[in-house]
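The sequence shown lines up with residues 1 to 123 when you count with the UniProt record's numbering.
Glycine residues also receive a C-beta, built at the ideal position from the N, C-alpha and C atoms.
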Amino acid sequence: FWGAQTFGAIWMFSASKVYRDIRVSDVDIVDPTYSGIMFQTKYTGGQPENPITDSVLTNISISGARLSGDQFESKSGFGLWANEMPEPGQGPAVGEVTFTNLRFADNHQDIKNTTTTFKININ
1 FWGAQTFGAI WMFSASKVYR DIRVSDVDIV DPTYSGIMFQ TKYTGGQPEN PITDSVLTNI
61 SISGARLSGD QFESKSGFGL WANEMPEPGQ GPAVGEVTFT NLRFADNHQD IKNTTTTFKI
121 NIN
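Here it is, written out as structure tokens:
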């Protein structure tokens with residue numbers, strides 16, 4: 001934990017360095033504590049530092065992301081989560097990601113993306 005923030009089994013966090021050309025393949029996420037994959041962007045002075053760009057995930061399976069039943073239940077149960085407000089002073093995930101052959105099973109919610117700043121492409 002970091003304050004009241006939860007983390008996904010995979011945390012894709014764009015921060016002070018350029019975040020691009022990321023490739024992830026052949027991953028099975030089973031029964032994550034809070035979420036399968038979480039996307040987040042670091043903000044400084046109310047502005048995002050670097051967006052997530054040119055990131056491709058292939059042959060990804062996420063199953064069993066359930067509500068946590070603890071004080072972080074509202075931040076749990078997501079297969080994919082574009083974190084809209086990770087902590088005070090921060091903002092929503094920014095950028096874009098592409099999935100090829102993405103599979104979901106038995107998650108509370110397969111995709112949570114309430115942002116206007118992050119796009120999830122699924123092929």
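Within this structure, are the beta carbons of residue 103 and residue 60 separated by less than 9 Å?
yes
Smallest Cα separation from residue 98: which of 6, 7, 37?
37
Taking C-beta to C-beta, are residue 76 and residue 25 nearer than 9 Å?
It is not a contact, given that the beta carbons lie outside the stated cut-off.
Can you tell me which of 68, 81, 105 puts its alpha carbon nearest to the alpha carbon of residue 96?
81
Looking at the unbroken beta strand (DSSP E) that takes in residue 70, where does it start and where does it end?
Premise fails: residue 70 is in no beta strand (DSSP E) and is neither H nor E.
Quick one, which of 55, 7, 13 has its alpha-carbon nearest residue 42's?
Of the listed residues, the one whose Cα sits closest to residue 42 is 13.
Quick one: is residue 79 buried, meaning 16 or more other Cβ sit within 10 Å of its Cβ, or exposed?
buried
Take residue 110 and list the residues in its own chain whose beta-carbon comes closer than 6 Å to its own, dropping the five residues that flank it on each side.
79, 104
Going by DSSP, what residues sit across from residue 119 in a beta bridge?
Note: residue 119 sits in a beta bridge opposite 96.
Do you know how far the Cα of residue 72 is from the Cα of residue 123?
31 Å
Which residue's Cα is closest to the Cα of residue 32: 114, 10, 5, 89?
10
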